[in-house]
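Going by my numbering, the residue at position 125 of the sequence shown is 187; the numbering climbs one at a time, nothing skipped.
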Amino acid sequence: MPVYTVHAPLASGADLRSTDRFVFVRDGFHLWAAVLGVLWLAWNRLWLALIGWIILVAAVDAILLSSGIGRGTVVLADILLAILLGLEASSLKRWSFSRGNWRQLDIVVGDDLDAAERRFFERWAARRGAPGYDNHTVDRGAPPPTRDNGNGLRPPPLPHASIIGLFPEPGGGR
Numbered sequence: 063m064p065v066y067t068v069h070a071p072l073a074s075g076a077d078l079r080s081t082d083r084f085v086f087v088r089d090g091f092h093l094w095a096a097v098l099g100v101l102w103l104a105w106n107r108l109w110l111a112l113i114g115w116i117i118l119v120a121a122v123d124a125i126l127l128s129s130g131i132g133r134g135t136v137v138l139a140d141i142l143l144a145i146l147l148g149l150e151a152s153s154l155k156r157w158s159f160s161r162g163n164w165r166q167l168d169i170v171v172g173d174d175l176d177a178a179e180r181r182f183f184e185r186w187a188a189r190r191g192a193p194g195y196d197n198h199t200v201d202r203g204a205p206p207p208t209r210d211n212g213n214g215l216r217p218p219p220l221p222h223a224s225i226i227g228l229f230p231e232p233g234g235g236r
């Protein structure tokens, strides 16, 4: 089953009025990115990735042709680069969202986009109703145990003499 990452803009605060701006990015191989790399990058407005892609392909082709390697090998290298772009297309989209002040809300699994959206919004609505929910945290589980966020969570107690490891006492010698 496909895996999707869910992204939301930071300015919206991830509330119910902005759910139409949430974006689901499917993880996996993107055939159109591999077949029509430049057009796919331009269609998805990945401008920095497009510039980098053009420079990378031009540099690889120039290096291979200047070293006297045949055209068949250059075509094979271009095919391998296209496959690499198809494999990394989702990562480029996620990177673009992270640069544009978006945050990743969740990771969901579903048979298709509709099932993934349904699963995400069911979990998201259930979490929003929980006491102590904070809109500005990334929903990846409980907060770290070392901070007190007002929910009664305290830092872990100091270690006792029964610690097993290289340094059984805090600040102890070797």
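Every residue, glycine too, gets a C-beta built ideally from N, C-alpha and C.
Predicted model only: the values in this text are computed from it and were never measured.
Sort the options by Cα distance to residue i and report the nearest one.
i	options	result
residue 148	68, 89, 67, 64	89
residue 82	136, 139, 71	71
residue 112	128, 142, 150	150
residue 109	159, 97, 146	159
residue 189	104, 142, 167	167
residue 92	117, 164, 64	64
residue 170	186, 164, 157, 161	186
residue 98	123, 161, 153, 141	141
Suppose the cutoff is 6 Å on Cβ atoms and the five residues either side in sequence are ignored; what does the same chain contact list for residue i look like?
i	result
residue 85	69
residue 163	72
Please state whether DSSP places residue i in a helix, a strand or coil.
i	result
residue 266	Not covered by the structure: residue 266. The range shown for the chain is 63 to 236.
residue 98	coil
residue 31	Residue coverage of the chain in this structure runs from 63 to 236, which leaves residue 31 outside it and unanswerable.
For residue i, which residues in the same chain have their Cβ closer than 7 Å to its Cβ, ignoring the five residues on either side in sequence?
i	result
residue 126	135, 136, 139
residue 96	144, 145, 147, 148
residue 94	102
residue 119	140, 143
Here's a check: name, in chain order, each residue in its chain whose Cβ is nearer than 8 Å to the Cβ of residue i, leaving out the five neighbours to either side.
i	result
residue 155	87, 106, 108
residue 104	112
Residue ranges of each alpha helix (DSSP H) within the segment 108-164, 4 or longer: Runs of alpha helix (DSSP H) with 4 or more residues, each lying fully within the segment 108-164, are found at 109-128, 133-161, listed in chain order.
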